[in-house]
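One line per chain: the protein sequences are A and B, in this order.
Note that the working numbering has the first sequence beginning at 314, numbered continuously upward.
Note that the working numbering has the second sequence beginning at 2, numbered continuously upward.
Think of the CB as a built atom: it goes at the ideal place given N, C-alpha and C, for glycine as much as any other residue.
Predicted model only: the values in this text are computed from it and were never measured.
So the structure is just underneath, and the comments pick up after that.
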Amino acid sequence: GAGVSQSPSNKVTEKGKDVELRCDPISGHTALYWYRQSLGQGLEFLIYFQGNSAPDKSGLPSDRFSAERTGGSVSTLTIQRTQQEDSAVYLCASSLEGRLAGLTDTQYFGPGTRLTVL
Amino acid sequence: DAKTTQPTSMDCAEGRAANLPCNHSTISGNEYVYWYRQIHSQGPQYIIHGLKNNETNEMASLIITEDRKSSTLILPHATLRDTAVYYCIVRPHSGSARQLTFGSGTQLTVLP
Chain A
314 GAGVSQSPSN KVTEKGKDVE LRCDPISGHT ALYWYRQSLG QGLEFLIYFQ
364 GNSAPDKSGL PSDRFSAERT GGSVSTLTIQ RTQQEDSAVY LCASSLEGRL
414 AGLTDTQYFG PGTRLTVL
Chain B
2 DAKTTQPTSM DCAEGRAANL PCNHSTISGN EYVYWYRQIH SQGPQYIIHG
52 LKNNETNEMA SLIITEDRKS STLILPHATL RDTAVYYCIV RPHSGSARQL
102 TFGSGTQLTV LP
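What follows is the structure, encoded as structure tokens:
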């Protein structure tokens, strides 16, 4: 499809295990964002990638969280030693930023990965 | 980002226009108004955005007051599938604050 895709759609893990969440952005989009949404809460920014620039990691809640983006496309969010408070829906968004985007850079979201830590 | 204020909830009859207001009295000159919606258990969906002129697309219309301190999202013929939380966001078109900041939004319920 032409939209942002994420996998898996659901992930159940045990406390202390590591998990990897994947995001495939819209083809050609240079910017990629990770957010998370806890039950009944708003979106919380985690990390932002733009082209070859150093990522903005200011939203990562702890050093157990990390993300990488390979080849300027696919991104993986890794959570090490998961805790119950990590349970949330993890959302990825991409946008076309820079000169080609003009004055705005609309973000398009994927369906999210629902993470449950038991 | 400028703070936005939206009603917590609204109801609308199916087939009627849904008008969702948003106050953004501290909006800056370079900030755009974006609207997203989130249907239960789905990722946020982009609806429309604008700077100072009214905008229309296949989903909705966006009316921005002349002083830009408030705006209204209009769904011209609401359907049951439009039931969702609607978020109004203001965001600069340049600079370092690229992430979206979602507030509480308005829960729109379209009634049959």
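Can you tell which of 101(B), 55(B), 111(B), 6(B) has its C-alpha closest to the C-alpha of residue 78(B)? By 1-based counting over the second sequence, the position of residue 78(B) is 77. Among 101(B), 55(B), 111(B), 6(B), the Cα nearest to that of residue 78(B) belongs to 111(B).
Counting only Cβ pairs nearer than 8 Å, list the residues of chain B close to residue 424(A). In the first sequence, counting from the first residue as 1, residue 424(A) sits at position 111. 43, 44, listed in chain order.
If we cut at 8 Å on Cβ distances, does residue 361(A) have a partner in chain B? Sequence index remark: in the first sequence, residue 361(A) carries index 48 (1-based). Output row for residue 361(A): interface = yes.
Check whether the Cβ of residue 50(B) lies closer than 8 Å to any Cβ atom in chain A. For the purposes of this step, residue 50(B) is taken as residue 49 along the second sequence, with counting starting at 1. Answer yes: the Cβ-Cβ gap between residue 50(B) and chain A drops below 8 Å somewhere.
Contact set between residue 121(B) and chain A, taken where Cβ atoms lie within less than 8 Å: Outside the displayed range of chain B (2 to 113) lies residue 121(B), so it cannot be described from this structure.
Only counting the same chain, and skipping five residues up and downstream in sequence, which positions put a Cβ closer than 6 Å to that of residue 327(A)? Position 14 of the first sequence, counting from 1, holds the residue named residue 327(A). Contacts found: 431.
Beta-ladder partner(s) of residue 24(B), from DSSP: Taking the second sequence and counting its residues from 1, the one referred to as residue 24(B) is at position 23. Paired residues: 6(B), 71(B).
8 Å is my cut-off, CB to CB: does residue 30(B) come that close to chain A? Position 29 of the second sequence, counted from the first residue, corresponds to residue 30(B). False, the Cβ-Cβ gap to chain A never drops below 8 Å.
With three or more beta-carbon pairs closer than 8 Å as the criterion, would you say the stretch 69-87 of chain B touches the stretch 18-33 of chain B? yes
Using DSSP with H/G/I as helix, E/B as strand and the rest coil, what is residue 81(B)? The residue given as residue 81(B) occupies position 80 in the second sequence. In the structure shown, residue 81(B) sits in a helix (DSSP, three-state: H, G or I).
Provide the residue span of the beta strand (DSSP E) that contains residue 103(B), from first to last. Along the second sequence, read from residue 1 onward, the residue named residue 103(B) stands at position 102. Segment: none, residue 103(B) is in no beta strand (DSSP E) and carries neither H nor E.
Within 8 Å, strictly: CB atoms of residue 319(A) and residue 423(A): Position 6 of the first sequence holds residue 319(A). Position 110 of the first sequence holds residue 423(A). Yes, they are a contact pair.
In this structure, does DSSP put residue 39(B) in helix, strand or coil? As a working mapping, residue 39(B) is identified with position 38 in the second sequence. In this structure, residue 39(B) counts as strand in the three-state DSSP scheme.
Straight-line gap, residue 109(B) to residue 41(B) (C-alpha atoms, nearest Å): Along the second sequence, one-based indexing puts residue 109(B) at 108. Along the second sequence, one-based indexing puts residue 41(B) at 40. So the two alpha carbons sit approximately 12 Å from each other.
Fully enclosed by the stretch 357-414 of chain A, which beta strand (DSSP E) runs are 3 residues long or longer? 378-382, 388-392, 401-408
Please report whether the beta-carbon of residue 403(A) lies at a distance below 8 Å from any beta-carbon of chain B. One-based indexing of the first sequence puts residue 403(A) at position 90. So, not an interface residue.
Measure from the C-beta of residue 47(B) to each C-beta in chain A and report whether the shortest distance is under 8 Å. Sequence index remark: in the second sequence, residue 47(B) carries index 46 (1-based). So yes, residue 47(B) belongs to the interface.
Candidates 90(B), 6(B), 37(B): closest to residue 84(B) by CA position: Here residue 84(B) corresponds to residue number 83 of the second sequence, with the count starting at 1. Comparing Cα positions, the closest option is 37(B).
Helix, strand or coil at residue 337(A) according to DSSP, with G and I counted as helix: By 1-based counting over the first sequence, the position of residue 337(A) is 24. Three-state result, residue 337(A): strand.
Is residue 356(A) close to chain B? Criterion is C-beta to C-beta, closer than 8 Å. Locating residue 356(A) in the first sequence gives position 43, counting from the first residue. Output row for residue 356(A): interface = yes.
Answer yes or no: do residue 356(A) and residue 405(A) have a C-beta to C-beta separation smaller than 8 Å? If you number the first sequence from 1, residue 356(A) lands on position 43. If you number the first sequence from 1, residue 405(A) lands on position 92. Not in contact: residue 356(A) and residue 405(A) (Cβ atoms no closer than 8 Å).
Any Cβ of chain A within less than 8 Å of the Cβ of residue 105(B)? Taking the first residue of the second sequence as 1, we reach residue 105(B) at position 104. Yes - at least one Cβ of chain A is within 8 Å of the one on residue 105(B).
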